[in-house]
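The structure under discussion appears below in the form of structure tokens.
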Amino acid sequence: MSSAGGFTAAANGASVPRMDMARLHALDASDPLARFRDAFALPEGVIYLAGNSLGPPPRAAAARLAEVVQAEWGGDLVAAWTRRGWIDAPARVGAKIAPLIGAGASEVIVADSTSVDLYKLLAAALRARPDRPTVLTVEGDFPTDLYVAGAAAGAVRRVSRRELIGALGPDVAVVLLTHAHYRSGEVYDMAAVNAAARAAGVWTLWDLSHSTGVVELDLGGSGADLAVGCGYKYLNGGPGAPAYLFVARRLQDHLSSPIAGWMGHAAPFDFSADYRPAEGVRRFLAGTPPILSLLALESAFVSMAGADPAAMAAKARRLGDLFLELAAELCPELEPACPGPGQQRGGHVAFRHPEAQPLSDALAARGLIGDVRAPDLLRFGLSPLYVRFEDVGRAAQLIRQALG
Ligand SMILES: *Cc1c(COP(=O)(O)O)cnc(C)c1O
Numbered sequence: 001m002s003s004a005g006g007f008t009a010a011a012n013g014a015s016v017p018r019m020d021m022a023r024l025h026a027l028d029a030s031d032p033l034a035r036f037r038d039a040f041a042l043p044e045g046v047i048y049l050a051g052n053s054l055g056p057p058p059r060a061a062a063a064r065l066a067e068v069v070q071a072e073w074g075g076d077l078v079a080a081w082t083r084r085g086w087i088d089a090p091a092r093v094g095a096k097i098a099p100l101i102g103a104g105a106s107e108v109i110v111a112d113s114t115s116v117d118l119y120k121l122l123a124a125a126l127r128a129r130p131d132r133p134t135v136l137t138v139e140g141d142f143p144t145d146l147y148v149a150g151a152a153a154g155a156v157r158r159v160s161r162r163e164l165i166g167a168l169g170p171d172v173a174v175v176l177l178t179h180a181h182y183r184s185g186e187v188y189d190m191a192a193v194n195a196a197a198r199a200a201g202v203w204t205l206w207d208l209s210h211s212t213g214v215v216e217l218d219l220g221g222s223g224a225d226l227a228v229g230c231g232y233k234y235l236n237g238g239p240g241a242p243a244y245l246f247v248a249r250r251l252q253d254h255l256s257s258p259i260a261g262w263m264g265h266a267a268p269f270d271f272s273a274d275y276r277p278a279e280g281v282r283r284f285l286a287g288t289p290p291i292l293s294l295l296a297l298e299s300a301f302v303s304m305a306g307a308d309p310a311a312m313a314a315k316a317r318r319l320g321d322l323f324l325e326l327a328a329e330l331c332p333e334l335e336p337a338c339p340g341p342g343q344q345r346g347g348h349v350a351f352r353h354p355e356a357q358p359l360s361d362a363l364a365a366r367g368l369i370g371d372v373r374a375p376d377l378l379r380f381g382l383s384p385l386y387v388r389f390e391d392v393g394r395a396a397q398l399i400r401q402a403l404g
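The numbers in this note's numbering rise by one with no breaks, and the one at position 96 of the sequence shown is 96.
Rendered as structure tokens:
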């Protein structure tokens, strides 16, 4: 591990810090979500804390994909679109995501990537509100969100988080915010932002990529207008899994997709020369859905069937609190860079360290997988479905060792 810099060598011979592992085992023993860990295929000896980047494969996915290729695609060929319900999969999987985000089943559809869905909803909102040409967002948000906003809108106003509410002006059509920040894990008070936006006549578009599955969400109850989110992070849908989008029922008839594809047509199999959008959120489909990826994402819901969203959020928060407490005790060289114990936070913890990449490489060599965001941020994602309290304790010990 030459890229591991001095950390591997420095750690050789360093003793493992003592820790009250019995306490962590007790937390695992009373964890109502503990049984879900077995539903994921994680390699032996690896502590996987990068599920905020790419969730691991649900065991159900391999069997499901083999079945789809052999029996459905291979057996029914083109008839599988209707006989096997492929054509309904975008809405069917959307309805499975809905309870995780506090949406109605008819308000969510799975389609395309997060980037493309962002574009579709931003462009639709701007078209519906020609008197309001501006998209408001914040500095430092995830790059694709900023780029797509720039491509969709004539005017993008970026402000600091503090300036946000004051910037909700009469020229703003929609405010685009990542609910849990991909670096800092900071979380907005969604209900408060929705209320302030509504008072200013501004629609909200939430990017839930780092929230769904780890933070309790209530799009409906909090009055959100629009949302998108990623299928391959905490939803474990697989690399490049399709994303999902939400349009509040009250807006669905007033918006149309800028990509008027045939799958969003009211009657795609009429092959009409004229575009007529489908009723409801289905009009935001564009082209033929990627069925293999979509069904892999659906199989992730088999693996998490019965997992209570509130319990998932509570455990993610406890894992994060524990990580921060142990790191403060054992690894004071790491500077916390996320909301502290007891505070609202996304599903990961973050620390600054001047040699973040070599440190992360040294940890990976020891079986602890996190990730780095340049230049100096270490992130550790804490999925409540397969990360144990014991894993957090061992992670803190491994970091201590690697620091030397
Ligand atoms: C992961 C992530 C995306 C991903 O976009 P893709 O189009 O799937 O590449 C977008 N926005 C945010 C905030 C993310 O965290």
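Where is the CB? At the ideal position from N, CA and C, for every residue including glycine.
- Considered as a whole, the segment 156-191 harbours 172-178 as its complete beta strand (DSSP E) runs of no fewer than 3 residues, in chain order.
- Within the DSSP bridge table, the entry for F40 names P58 as partners.
- Shortest Cα-Cα distance from L235 to any of N52, P43, S30 and L24 involves N52.
- Within 7 Å of the C-beta of S113 there is at least one heavy atom belonging to ligand 1.
- Counting along the chain, H25 sits inside the alpha helix (DSSP H) bounded by residues M21 to A29.
- For R373, the uninterrupted beta strand (DSSP E) run begins and ends at D371 to R373, by DSSP.
- If you check the CB distance, A149 and L122 come in under 8 Å.
- For F351, the pairing in a beta bridge is given by DSSP as P336 and L378.
- Distances from the CA of A286 to each of D225, G74, E72 and P268 were compared; the closest alpha carbon is that of P268.
- Distance between A273 and S299, taken at the CA atoms: about 36 Å.
- Within 10 angstroms of the beta-carbon of A103 lie 16 or more other beta-carbons, which makes it buried.
- Scanning its chain for C-beta atoms nearer than 6 Å, with the 5 sequence neighbours on each side dropped, one finds around A173 the residues A125, L126, R129 and R132, in chain order.
- Excluding its 5 nearest sequence neighbours in each direction, M21 has C-beta neighbours in its own chain below 8 Å: E390 and G393, listed in chain order.
- Counting along the chain, the unbroken beta strand (DSSP E) around I109 starts and ends at V108 to V110.
- By DSSP's assignment, V138 forms a beta bridge with V159.
- Apart from the 5 residues on each side of it in sequence, V46 sits with its Cβ closer than 7 Å to the Cβ of G367 and I369 in its chain, given in chain order.
- Within the same chain, R183, S184, A350, F351, R352 and L377 come within 8 Å of A337 by CB-CB distance, once the 5 residues on both sides are set aside.
- The DSSP-derived three-state label of F323 is helix.
- Relative to R345, the option among T144, A63, A62 and H179 whose CA is nearest is H179.
- Comparing alpha carbon positions, the residue from A260, A296 and L292 closest to F284 is A260.
- In the structure shown, D207 falls within a strand segment according to DSSP collapsed to helix, strand and coil.
- For V228, the enclosing beta strand (DSSP E) starts and ends at L226 to G229.
- Contact between N194 and A155 fails: their C-beta atoms lie close to 22 Å from each other, not under 8 Å.
- A direct Cα-to-Cα measurement between P43 and A305 gives close to 22 Å.
- Rounded to whole angstroms, the gap between the alpha carbons of A278 and G74 is 30 Å.
- Here the distance from the Cβ of Y234 to the nearest heavy atom of ligand 1 is not below 7 Å.
- Taking non-hydrogen atoms of ligand 1 into account, the C-beta of D207 is found less than 7 Å away from one of them.
- Judged by DSSP in its simplified three-state form, F271 adopts coil rather than helix or strand.
- Counting only the Cα atoms, Q343 lies some 9 Å from D321.
- Check the Cα spacing between L382 and each of P56, G94, H25 and A192: the tightest is with P56.
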